[in-house]
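Participant: Let me begin by handing over the structure; questions about it come next.
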Amino acid sequence: MTTETANSDPAKSKPKDNSIKPPSAFRRYGSQFGIIGVGLAMWLVFVVAAPAVFTDIDIYVAFAQTTPQFGLIALALTFVVITGEIDLSFPSIMALGTAAFALTTYHGGMPWYVGLSVAFATGGLCGLLNGFLVAKLNIPSLVITIGTSFLYRGLELVLMNGTGVPLTRADYPVMHAIFRDPVFGFPVQTLWMIGIGIIMWLLLNRTRFGAHVFLVGDNPTSARLMGINTVSVKVRAFVLVGLVAVVSGLLTSFYGYYFWPTTGEGFLLNTIASVFLGGTSVFGGTGSMVGTFVASYIIGAINAGVVSAGINAFYTQLCFGLVIVISVVLQTIIERRVRGQSATGR
Amino acid sequence: MIKTENTAGSSPVIELKNVTKTFGEVRSLSDVDFVVRPGEIVGLLGDNGAGKSTLVKTVMGFHRPDPGGEIYFHGERIHDWSVARARGLGIETVYQERALCEKQPIWRNMFMGRELRGKFGLLDVKRMRSEAARLMKEHMGFTSSAVHPDNVVATMSGGEKQGVAITRALYFEAQLVILDEPTMGLSLTETKKTLEFVGNIKKAGKSAIFIDHNIFHVYPVVDRLYVLDRGKVAGVYSKDEITMDELIERLYHVARSGKME
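Going down the list, the protein sequences come from chains A and B. All residue numbers for the first sequence refer to the numbering used here, where the first residue is 8 and numbers rise by one. All residue numbers for the second sequence refer to the numbering used here, where the first residue is 682 and numbers rise by one.
Have a look at this one:
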């Protein structure tokens, strides 16, 4: 028995012709299976720990409403991270974009659609400036988006004079219908997440832009040698984050019926954690929409779940930390195995 | 598409006139005139730093020549020269550094920058996969049906990677193929295969620029030779004008004195 397998194995792994083996589904989608597995495991733990809470629909409605507020940006941020960059200014863009909406509608008395257009234009411009500074002037994104983050936040605080704006149903009936009210009882926030998620998936996997995002993040020199405009690819990724940050700002503000000048604060780490937990490589070149999508809900569930499970809220961060560190370590090991390296590196 | 028959013998596929390229203080090319005619294999020889790679990257549109330099494609002056433009006109390059994205599957590398599109302008991933599988079988010698275009390039050997780079250049039916040190780091059989490939370009009536350190690789396959030295064209020879021994002699001379004669 043993000798037989020993004989047949090398024959299998070294075919006579110089063909290469097709990668298994596990190798190709390993990190995506991984993240879905983590999600399911965590959900089971919660169900066992607090069956009363987790068999009730309310908890699911709650995080279907709140998770997309940062999850949406995580989807767009995945593009930027795949190109090998990062954007830390999106919480400020959320605020500045929503401020632009509030200024044109509440203070300026313009209709909601004008407000929306101005808000998206603002978010797009913020992304454009980020992209220009990072891609065209070649400034490390980690540094410059901290700078623009202060810039956008500062601009917003000055424009709003530090005050908020109430966003009542009476003043904004259409906006509430779009961004706040459930659709046939289903939380509209998660509908947005699904809709934008599908668009983002298509954008990443079925357009030239998406293909170039992978190539630029993997090896920018090769991409340029093959005629890809790496500057334009990165700029477009940053603009995408800017635009989606506005959607997120509006969702968040209408959810609370009020636009706070501090909108977006506390979103930074949740969002970035969702991207990395979803299996997007810190080094650029790989990442997936499915991963980020599922990871966002995992991050959202930890928040809601830990408290509902009757565990002291002080444990939330510990739980966050464990899930993120363990997942990222596992992903790194899987990735190295796929590339045939030893688990500890070279 | 410009027909090769009409232009054969008349206008060169590509012509560089008076091309200078400086990077800051460093002058990589100075006043270079360079011509490739239809159906011609042109060899490019020169020491490290002679400007070979800069020259081909200028031909390819990756570098822009300094003001005053002119680029002609089939006799027509082209001002907005870029990689995308050059590839659009049928110039493909197999780069020394291979220009692959190693974390990506083979099919993404094969169609890099020229992705196939189908309905609604969306990528035709299915076709790119099947085309990549076909090309690997037909041109790269992966004969088994187990060949898989989803394999990540990083898992392949040096020769296989070079196979991807060469097949990519071949697929787009280039009029002019540039090979920048294609045999570097390859095994003997892989080198032989690559040289055969260069010969096939000529048989197909297409042009090529072939760069290699190894004169024994270059001399047998080319029609004409450019010798570069310190950014200048030190000499141009038709193969019938010079034997391999004479050429070696002169190359040594150039390396010592910077002059051809």
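Every residue, glycine too, gets a C-beta built ideally from N, C-alpha and C. The structure presented is a predicted model; accordingly, all values stated were derived computationally and were not measured.
1) With 8 angstroms as the limit, tell me which residues of the region 221-234 of chain A have their beta carbon closer than that to any beta carbon of chain B; keep them in chain order.
2) So which residues of chain B does A/Thr270 contact, with C-beta pairs closer than 9 angstroms?
3) Give me the chain B residues within the contact set of A/Ala142, using Cβ-Cβ distance strictly less than 8 angstroms, ordered along the chain.
4) What's the C-alpha gap between B/Leu736 and B/Leu860?
5) Roughly how many angstroms separate the alpha carbons of A/Ala308 and A/Phe70, rounded to a whole number?
6) Kindly indicate if chain A contains any beta-carbon less than 7 angstroms away from that of B/Tyr776.
7) Look up B/Thr703 in the DSSP assignment and say whether it is helix, strand or coil.
8) Evaluate B/Lys807 with the Cβ neighbour count: other Cβ atoms within 10 Å of its Cβ, from every protein chain shown; 16 or more gives buried, anything less gives exposed.
9) Would you identify the three-state DSSP class for B/Lys724, choosing helix, strand or coil?
10) Tell me the start and end of each unbroken beta strand (DSSP E) in the region 728-758 of chain B that is at least 3 residues and wholly inside, in chain order.
11) Chain A partners of B/Ala889, CB-CB under 9 angstroms?
12) Which residue wins for smallest C-alpha separation from B/Val674, given the options B/Glu930, B/Gly912, B/Gly720, B/Lys784?
13) I'd like to know whether the C-beta of B/Glu796 is nearer than 7 angstroms to at least one C-beta of chain A.
14) Pairing CB atoms from the region 834-844 of chain B with CB atoms from the region 782-790 of chain B, are three or more of them under 8 angstroms?
15) Mind listing, in chain order, the continuous alpha helix (DSSP H) runs of no fewer than 4 residues lying wholly within the region 767-822 of chain B?
16) What's the gap between the Cα of B/Glu796 and the Cα of B/Pro863?
17) Just checking, does the region 77-93 of chain A make contact with the region 281-298 of chain A on the three C-beta pairs under 8 angstroms criterion?
18) Should B/Ser709 and B/Gly912 be called a contact, given that it needs their Cβ atoms to be closer than 7 angstroms?
19) DSSP state of B/Glu922, grouped into three classes?
20) Looking at the secondary structure, which residues open and close the alpha helix (DSSP H) in which A/Asp225 lies?
21) Rounding to the nearest angstrom, what Cα-Cα distance links A/Ile64 and A/Thr323 in this structure?
22) So for A/Tyr322, helix, strand or coil by DSSP?
23) Using 8 angstroms as the Cβ pair cut-off and three pairs as the minimum, do the region 102-111 of chain A and the region 159-169 of chain A touch?
24) Is A/Arg187 close to chain B, meaning its C-beta is less than 7 angstroms from at least one C-beta of that chain?
25) At least one CB of chain B closer than 7 angstroms to the CB of A/Thr339: is that the case?
26) Classify A/Glu11 as helix, strand or coil using the three-state DSSP reduction.
27) With distances taken between CB atoms, is the gap from B/Arg905 to B/Ser919 smaller than 7 angstroms?
28) Of the residues A/Gly169, A/Gly138, A/Met167, which one's Cα is nearest the Cα of A/Thr155?
29) Along the region 742-757 of chain B, what residues have a CB closer than 8 angstroms to any CB found in chain A?
30) Between the region 201-216 of chain A and chain B, which residues of the former have CB atoms less than 9 angstroms from a CB of the latter, in chain order?
31) Check the DSSP bridge columns for B/Tyr900 and list the partner residues they point to.
32) Using Cβ-Cβ distances below 9 angstroms, what residues of the region 282-304 of chain A are close to chain B?
33) Does any C-beta atom of chain B lie closer than 7 angstroms to the C-beta of A/Ala320?
34) Taking B/Leu781 as the query, report the chain A residues whose CB atoms sit under 8 angstroms from its CB, ordered along the chain.
35) Are A/Ala280 and A/Ile305 close, meaning C-beta to C-beta below 7 angstroms?
36) Tell me which same chain residues have a C-beta within less than 8 angstroms of the C-beta of B/Glu712, skipping the five on either side of it?
Facilitator: Reading from the atomic positions:
1) Phe221, Leu222, Asp225, Asn226, Thr228, Ser229, Ala230, Arg231, Leu232, Met233, Gly234
2) Within 9 angstroms Cβ-Cβ: nothing; A/Thr270 doesn't reach chain B, min ~35 angstroms.
3) In chain order: nothing, as chain B lies at least about 17 angstroms away.
4) 12 angstroms
5) 7 angstroms
6) yes
7) strand
8) B/Lys807 is exposed by the Cβ-count criterion.
9) Sequence check: residue 724 of chain B is Gly here, not Lys. Of the three classes helix, strand and coil, the one that applies to B/Gly724 here is strand, per DSSP.
10) 751-754
11) None at all; the shortest Cβ gap to chain A is about 18 angstroms.
12) Since the first residue shown for chain B is 682 and the last is 942, residue 674 of chain B is missing from the structure and cannot be characterised.
13) yes
14) By the Cβ rule, the region 834-844 of chain B counts as touching the region 782-790 of chain B, because three or more pairs are nearer than 8 angstroms.
15) 787-791, 806-820
16) 24 angstroms
17) yes
18) Their beta carbons are under 7 angstroms apart, which means B/Ser709 touches B/Gly912 by this criterion.
19) helix
20) 215-225
21) Taking the straight line from one Cα to the other gives about 22 angstroms.
22) In the three-state reduction of the DSSP assignment, A/Tyr322 falls in the helix class.
23) yes
24) Not flagged as an interface residue toward chain B: A/Arg187, since no C-beta distance is shorter than 7 angstroms.
25) No, no contact with chain B.
26) The predicted position of A/Glu11 is uncertain, since its pLDDT is 39 and thus under 50; a value taken from the coordinates is nonetheless stated next. Reduced to three states, the DSSP call for A/Glu11 is helix.
27) yes
28) Measuring C-alpha to C-alpha distances from A/Thr155 to each of A/Gly169, A/Gly138, A/Met167 identifies A/Gly138 as the nearest.
29) Those residues of the region 742-757 of chain B placed with their C-beta closer than 8 angstroms to a C-beta in chain A are Gly742, Phe743, ordered along the chain.
30) Leu209, Asn212, Arg213, Thr214, Arg215
31) DSSP output for B/Tyr900 lists no bridge partner at all.
32) Legend: CB atoms of the region 282-304 of chain A lying less than 9 angstroms from CB atoms of chain B belong to residues Ser288, Phe290, Gly291, Gly292, Thr293.
33) no
34) In chain order: Asn226, Ser229.
35) no
36) Per the sequence shown, the amino acid found at residue 712 of chain B is Asp instead of Glu. These residues qualify, in order along the chain: Asn699, Val700, Thr701, Lys913.
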